Every structure is written in C-alpha cells, then in structure tokens.
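Colleague: Taking this note's numbering, the leading residue of the sequence shown gets 13, the next gets one more, and so forth.
Note that CB positions come from ideal geometry on N, CA and C, so glycine has one too.
Please read all numbers here as calculations on a predicted model, not as lab measurements.
Questions regarding the structure given below will be posed in turn.
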Amino acid sequence: MIIRKAAPKDTPEIATYLMLAMEDIVYEFIGENCKLKAMQFLTNLICKEATQYSYENCWILEIENEIVAVAVVYNGAKLQELREPVAKEIKSIFNRDFNPENETQAGEFYIDCCAVSPHQQGKGIGSKLFRFLIDEYVHKRQETLGLLVDKHNPNAKKLYLKLGFEIVAEKTLAGKEMDHLQFKHK
13 MIIRKAAPKD TPEIATYLML AMEDIVYEFI GENCKLKAMQ FLTNLICKEA TQYSYENCWI
73 LEIENEIVAV AVVYNGAKLQ ELREPVAKEI KSIFNRDFNP ENETQAGEFY IDCCAVSPHQ
133 QGKGIGSKLF RFLIDEYVHK RQETLGLLVD KHNPNAKKLY LKLGFEIVAE KTLAGKEMDH
193 LQFKHK
C-alpha cells in the first residue's frame, strides 16, 4: 500500500471516486441528474491546476498499483480562490450561478471529500487514509484538519470521532445538514 499525491494521469480515476463521494452534490451544482455530464464536469476541473477539485489537492491510496481510495484536501483559506474556476465552469457549460455555502474557512485544511472503492470498503482502507492525513497535516505540518459529515451518516461520524476528530459546529451544504468536525494540533 502506498499513499501519494495525485498526478494529471490519475484524473479519470479521481473523477470516478469523487462521483462515489458526492454524486448528489455534483448534480445539485450542475442542475442536472446526468452522470455523463457530471463526470465530464469533474474531469475538466480535476485535470486543471488551482481548482477546488484539482489533482493538485488529491491524495491517492494504491494497493498493487491500483487506486483504491482518493481524498481531496486543500487550505480552507483558499476556498474562494479554488471555487472561482468551478463557478466559471458551471456558468459556461450549464448556465447556472454557483454560490454554495462555505464549507470551510481559514484556519483549517479541509477534507472536501474522500471515497474508497466499493470492493475495498470494510477493510480499513478509509481509516488508513485518514490516519495518513492526520499525520501529514496535524502532526507534521501542525495544522488543523477539518471535514463535514452528513448528520444522516452516523457510521462515518462514528469513524471520524474514533479517529480523534471533534464536533465544532453545524453547517448546511447543498441543503444537507452537516456536522463540522476538526482534528487540531495539540
């Protein structure tokens, strides 16, 4: 097992994993329930630099040269800057305004989304990726790591709390009630 930063060549796999993690949110963003259009939208953003979903912000977990998990992490202080290309893409392709709630802010590195291959779920892959992110951002960089978890996903919330995240606030994102969790350097 290796965990590495993503490269542009990983774009198709990253798009597939992001759809696993946030399919309904992507449909909300683009205003259509079309998987093909949603995948193309994500692919366009992942392969570019300086976007919210850029490969630059992705960590890849591989087992035997196969990508089995992906996490998108970026500096919360850069949310608006990273969102700008997303808004432009949505406006130019789907003729929609894009102005969702702020899911993060300055003072934390934000885990925007994380997904594990359906064939690898239940094997501790997600926990390993999160432990790596905690080590990388909290212990090595001495930063705060943040994420949102859907209030209707108690299993994910239980995992994050077990890993050491703490609930710091409640937020709404794309109409969903979320808990905002953080893992702070002590």
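Going by beta-carbon coordinates alone, are K169 and V161 separated by less than 7 Å?
Modeller: Their beta carbons are under 7 Å apart, which means K169 touches V161 by this criterion.
Colleague: Which same chain residues, not among the five before or five after G138, have their C-beta less than 6 Å away from its C-beta?
Modeller: Closer than 6 Å at the Cβ level, and outside the excluded window around G138, lie V128.
Colleague: Looking only at its chain, what residues have a beta carbon closer than 6 Å to the beta carbon of R108, apart from the 5 residues adjacent to it on each side?
Modeller: Closer than 6 Å at the Cβ level, and outside the excluded window around R108, lie G43 and I102.
Colleague: Considering just the uninterrupted stretch of the beta strand (DSSP E) at E189, what are its terminal residues?
Modeller: K188 to F195 is the extent of the beta strand (DSSP E) around E189.
Colleague: Of the choices H164, T28, F195 and N165, whose alpha-carbon is the least far from that of G119?
Modeller: The shortest C-alpha separation from G119 is found at F195.
Colleague: Give the straight-line distance between the Cα atoms of I14 and C70, rounded to the nearest whole angstrom.
Modeller: About 14 Å.
Colleague: If you measure from the CB of D147, is any heavy atom of the ligand GTP nearer than 6 Å?
Modeller: Here there are no bound small molecules, and the ligand GTP is not part of this structure.
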